[in-house]
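Protein chains: 2
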Amino acid sequence: MNPSGNCPSSAPPASATGCWITGIILTAPLKRGYAGFSIWDWHKLPGYIDQRYKDYARANAAIGINGTVLNNVNANALSLSKAYLEKTAALANVFRPYGIRVYLSARFSAPMEAGGLKTADPLDPGVQQWWKDKLKEIYSYIPDFGGFLVKANSEGQPGPQNYGRTHADGANMLADALAPYKGIVMWRAFVYDAKADQDRFKQAYEEFKPLDGQFRENVAVQVKNGPIDFQPREPFHPLFGAMPQTPLMMEFQLTQEYLGFATHLVYLPGFFREVLDADTYEKGRGSTVAKVIDGTLEGHAFSGMAGVANIGNDRNWTGHPFGQANWYALGRMAWDPRLRSEKIADEWLRQTFSNDPHFVNPVKKMMLASHETLVNYMTPLGLHHIMGYSHHYGPAPWYDKAPRADWNPVYFHRADRNGIGFDRTPSGSNALGQYTPEARRQWENLRDCPDEFLLWFHHVPWTHTLHSGRTLWNEMCYRYQSGVQGVQQMLNTWDSVVRYVDEERAEQVKMLLNIQLQEASWWRDACLSYFQTFSGMPLPPGIPAPAHTLEYYQSLTFPYAPH
Amino acid sequence: MNPSGNCPSSAPPASATGCWITGIILTAPLKRGYAGFSIWDWHKLPGYIDQRYKDYARANAAIGINGTVLNNVNANALSLSKAYLEKTAALANVFRPYGIRVYLSARFSAPMEAGGLKTADPLDPGVQQWWKDKLKEIYSYIPDFGGFLVKANSEGQPGPQNYGRTHADGANMLADALAPYKGIVMWRAFVYDAKADQDRFKQAYEEFKPLDGQFRENVAVQVKNGPIDFQPREPFHPLFGAMPQTPLMMEFQLTQEYLGFATHLVYLPGFFREVLDADTYEKGRGSTVAKVIDGTLEGHAFSGMAGVANIGNDRNWTGHPFGQANWYALGRMAWDPRLRSEKIADEWLRQTFSNDPHFVNPVKKMMLASHETLVNYMTPLGLHHIMGYSHHYGPAPWYDKAPRADWNPVYFHRADRNGIGFDRTPSGSNALGQYTPEARRQWENLRDCPDEFLLWFHHVPWTHTLHSGRTLWNEMCYRYQSGVQGVQQMLNTWDSVVRYVDEERAEQVKMLLNIQLQEASWWRDACLSYFQTFSGMPLPPGIPAPAHTLEYYQSLTFPYAPH
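The listed protein sequences correspond, in order, to chains A and B. Residue 1 is where the first sequence starts when you use the numbering used here, and the numbers rise one by one after that. Residue 1001 is where the second sequence starts when you use the numbering used here, and the numbers rise one by one after that.
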């Protein structure tokens, strides 16, 4: 980003060229990731340094990533114990020569679980002292420890609200303990515990915007790209542009939790570009999200971009050979959030496969089209959060059994005989009211709203005519079918270029594209079968009949799906 | 083994040279193995064939292993579902060209869980029909399916005893369903659910010996090498030689569940040799365990040797580079159970590292000494089952909180002010009575019993004089110390040969030997501190004082230890 900014006294000099935490990789050790398991073998640390740790540091350093959060945001107080600090220090020693700092996810209630205190209230002097002592201990092991990432009062994690305090109270308490060492706090804005009757879309904004200006200068609020949760497409998060006094970090997700796991080829920089280029209009036209998060819009000298890692202990790191491109892109875009996605694809393809234009050109085209293709076969026209419950695998728009209303697909699509979509205009939840008037103008009128965001903001009659001239129902059918056809096109492209690729990777990608084709058809057939029960309208010409009954799709279970 | 034996009609022609199931590898997909996780990615099967599956088949075929059991013996009925049979068939297709058959662990209650029946009683015609139908389905996917491995009525697994039937009733029901396809049943003898007041040592024999002669000809009873559970050293299992009418398969454990996980270098063929060469005296002198399991003693034409795999998705397969030697040895010894362990080490070292005698000779010596070294620092003089509860990591001879008496270390060592050890003579549990008189003669008298089996069979006064001329207490101290010194010697050896090894593996082994040295010292210090509270005797000269108090060792917890 802008390496000439001034460093606040409490921000770390993270690289030789400035004071930025530029690219942070969150290497969440999921029980079962989509590319194998975590590469951290905590049991064998600190005595055994796996060669992968060095390779990991080299790979990140090569693309400009200069920080790594080692443990999951759903944190365990054990991570702060002496035994685990010794293990973390061993990793920090491996990463240091590569200019990569380690960060830890901190469990807010650690003073109780690890310290035996009766409270974790951030205004309690004993709690404050516990964290100060703990930081002293951490820095004795890791002199350049980066700081804490915190998920608080979200999805069951403890936080300051347990004690009637605000997120700012919680973040500042940790920030004060970190400040003497120039460590920072990355406080996540992904919260939706407030009120169950509230549109989940609105909750982060409502909780965090009033706190703008109350955070210490070594706190960044880390905001996911969109307001729900890493869906295939989301509008930009309304907090961007709404907290001018607070450095906001971007949190992208590289791992494909909602995008077909590691078996779907989807190249994400085009979507990242879409978010970064979105105009918040905070200070008039051109107040893009990119300028918010690189600090130039409001003059913050301290900012960053984080990516939830898509790597695991798979031999090729990411499971899908093309998943590496998204990891690569995070580093490149963190240092230049204006970089074109085509440029990144070009670089990566040449470094990874071949310089031959007969390979690079068609495969680049395939990559650039892949995100729209995936959106089409999964969640066209602004549909969102209609995947399988808990594991998030495959389509389940019918699901309505989750313990929270806003964990159910039916909460998000709201299909009925009249239409489909979530009314977030003033006649509905008015989530649109969280954007500046100029920003929301693009979405607020059903007539003008771009098709790709339609069902994010409007409940739309099945018979409504879209920009294509088709009815909503017919357009939905065509989009799903177009998604499937897009995957078939990817297969054709790959078949046409395999002679430029080694046999093993050629075959790997082909197997994965075949899985993607099967699953795209599954999404199309399951979703159209289900939504047809509301629209009551026939499949238009050219749309194949589903391979199975709706009951069949609803009966599928995936007990061993990774999650 | 003997490839000229006659094949019973129901046994599969498993290889071109005979009718043997020679080497079976049990690739248990533990939640967390010691070398990473399972290599089977069930989620991505059948569409994605990982290159590792082919590499795995090649590696096994290269050393003569011709069967693989894909799922854990603590089985799930899901493994028999249509979706999983498709996945299993995909693996079978990969393995077939390498002469490797797939087997599955069958859950005995599957007719209820997967079939909706009200019972899994093996004498119920509906249950019998369910298995027949299921086998028909399995063979439609996998025409050369090998058969079932079954853990029944053991450690909570369901079995025929739930319905008042015998192990033979259960095994025969499955055998009848498999017979038309020439499939086999491997029925495990690892059971100890019978009576809680019974010496666990004796239970398998008491349950299985009476059933000899009742099993169908396509059933093998699979017996662990020793009577407890893969301890560092065990006497041979008393069932060997006690069931002449039944083919007995050997079950060795390659994965180091009780031998330091994947961080300790221990070369196992010497110990396997010890078990295979043990004389059962079933038909007079020379009735070795090897002859029992290769079928030559009783004229069985169908037999095998199984190994609980030590591989995972670690880059080097086994976590410890030297772990590969034990995998290699299983294949070699399965085809020739008389092969010398030195010969195997020589072959493996030359194929893996170097032909230079300056490397091969000292490292071979190190390997051959490693098992006795490990026994010395973990369980000298016949101690057994004194490791940490549940995860089995590290020493915990004091542990006495397990829900079953015979899961507690104190049950096995029985230390008190007078002495230590489990009296299995007629004055105690008389487990010795399960061996032939000639076989038990070596162990039954305290005076003659070899030191290495002493505490397996006798409760021995601390002041008893051993063959070395030392008291039991002093000998125990010297053995523990000798184990630690043995690891130091391994480190010295490795340091002297690293110039013959590539830098990465040289460093890996060195890190692992350092962990082994630390953990060997931990075992010595923790065990001697604890046992000293009974002996009340001082550490003899040359034995260093423990680094910490007994309370310190007892306070250690390992929440992330793999298990």
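Just so it is clear, CB atoms sit at the ideal spot from N, CA and C, and this is done for glycine as well.
Any Cβ of chain B within less than 8 Å of the Cβ of residue i?
i: residue 514 of chain A; result: yes
i: residue 561 of chain A; result: yes
i: residue 511 of chain A; result: yes
Does the CB of residue i have a neighbour CB from chain A at under 8 Å?
i: residue 1564 of chain B; result: Since the displayed chain B opens at 1001 and closes at 1563, residue 1564 of chain B lies outside it and no answer follows.
i: residue 1394 of chain B; result: no
i: residue 1565 of chain B; result: The displayed coordinates of chain B run from 1001 to 1563. Any statement about residue 1565 of chain B would go beyond what the structure contains.
i: residue 1255 of chain B; result: no
i: residue 1313 of chain B; result: yes
i: residue 1078 of chain B; result: yes
State the Cα-Cα distance for the pair residue i and residue j, rounded to the nearest angstrom.
i: residue 1278 of chain B; j: residue 1288 of chain B; result: 5 Å
i: residue 1507 of chain B; j: residue 1350 of chain B; result: 19 Å
i: residue 434 of chain A; j: residue 242 of chain A; result: 9 Å
i: residue 529 of chain A; j: residue 328 of chain A; result: 38 Å
i: residue 94 of chain A; j: residue 57 of chain A; result: 8 Å
i: residue 1105 of chain B; j: residue 1308 of chain B; result: 13 Å
i: residue 169 of chain A; j: residue 80 of chain A; result: 21 Å
i: residue 531 of chain A; j: residue 396 of chain A; result: 11 Å
i: residue 1029 of chain B; j: residue 495 of chain A; result: Only weak support is given to the placement of residue 1029 of chain B: the predicted model assigns it a pLDDT of 45, under 50, and the question is left unresolved by the model.
i: residue 1560 of chain B; j: residue 366 of chain A; result: 42 Å
i: residue 1181 of chain B; j: residue 1143 of chain B; result: 8 Å
i: residue 321 of chain A; j: residue 1200 of chain B; result: 51 Å
i: residue 107 of chain A; j: residue 151 of chain A; result: 8 Å
i: residue 1114 of chain B; j: residue 1090 of chain B; result: 21 Å
i: residue 147 of chain A; j: residue 219 of chain A; result: 10 Å
i: residue 120 of chain A; j: residue 176 of chain A; result: 15 Å
i: residue 1073 of chain B; j: residue 1088 of chain B; result: 16 Å
i: residue 1237 of chain B; j: residue 1379 of chain B; result: 18 Å
Can you tell me which residues form a DSSP beta bridge with residue i?
i: residue 253 of chain A; result: A:308
i: residue 282 of chain A; result: A:284
i: residue 1248 of chain B; result: B:1221
i: residue 1465 of chain B; result: B:1471
i: residue 1395 of chain B; result: B:1387
i: residue 103 of chain A; result: A:69 and A:147
i: residue 23 of chain A; result: A:305
i: residue 420 of chain A; result: A:460
Is residue i helix, strand or coil when you go by DSSP?
i: residue 271 of chain A; result: helix
i: residue 1049 of chain B; result: coil
i: residue 1243 of chain B; result: coil
i: residue 1375 of chain B; result: helix
i: residue 1223 of chain B; result: strand
i: residue 1186 of chain B; result: strand
i: residue 501 of chain A; result: coil
i: residue 543 of chain A; result: coil
i: residue 331 of chain A; result: helix
i: residue 1039 of chain B; result: coil
i: residue 1559 of chain B; result: coil
Does the beta-carbon of residue i, which I'm using as the reference point, lie nearer than 7 Å to any heavy atom of the ligand MG?
i: residue 1525 of chain B; result: Ligands displayed in this structure: none; no statement on the ligand MG is therefore possible.
Open item on the list: At a CB distance below 9 Å, what residues from the stretch 48-76 of chain A approach chain B? Give them in sequence order.
Closed with: Residues 48, 49, 50, 51, 52 and 76.
TODO: With 9 Å as the limit, tell me which residues of the stretch 437-452 of chain A have their beta carbon closer than that to any beta carbon of chain B; keep them in chain order.
DONE: Answer in chain order: no residues at all.
Open item on the list: Along the stretch 1154-1172 of chain B, where does the CB come closer than 9 Å to a CB of chain A? Name the residues.
Closed with: Residues passing the 9 Å Cβ filter: none.
Open item on the list: To be precise: take each residue of the stretch 30-44 of chain A, compare its Cβ to all Cβ atoms of chain B, and keep it if any distance is under 7 Å. Which residues remain?
Closed with: The residues in question are 36, 37, 42, 43 and 44.
Task: Where the stretch 1493-1507 of chain B meets chain A: residues whose CB sits under 9 Å from a CB there - done: Residues are counted here when their Cβ sits less than 9 Å from a Cβ of chain A; for the stretch 1493-1507 of chain B these are 1504 and 1507, given in chain order.
TODO: Identify each residue in the stretch 128-151 of chain A for which the Cβ-Cβ distance to at least one residue of chain B is less than 8 Å, and report them in chain order.
DONE: Against chain B - using a Cβ distance shorter than 8 Å - the stretch 128-151 of chain A contributes no residues.
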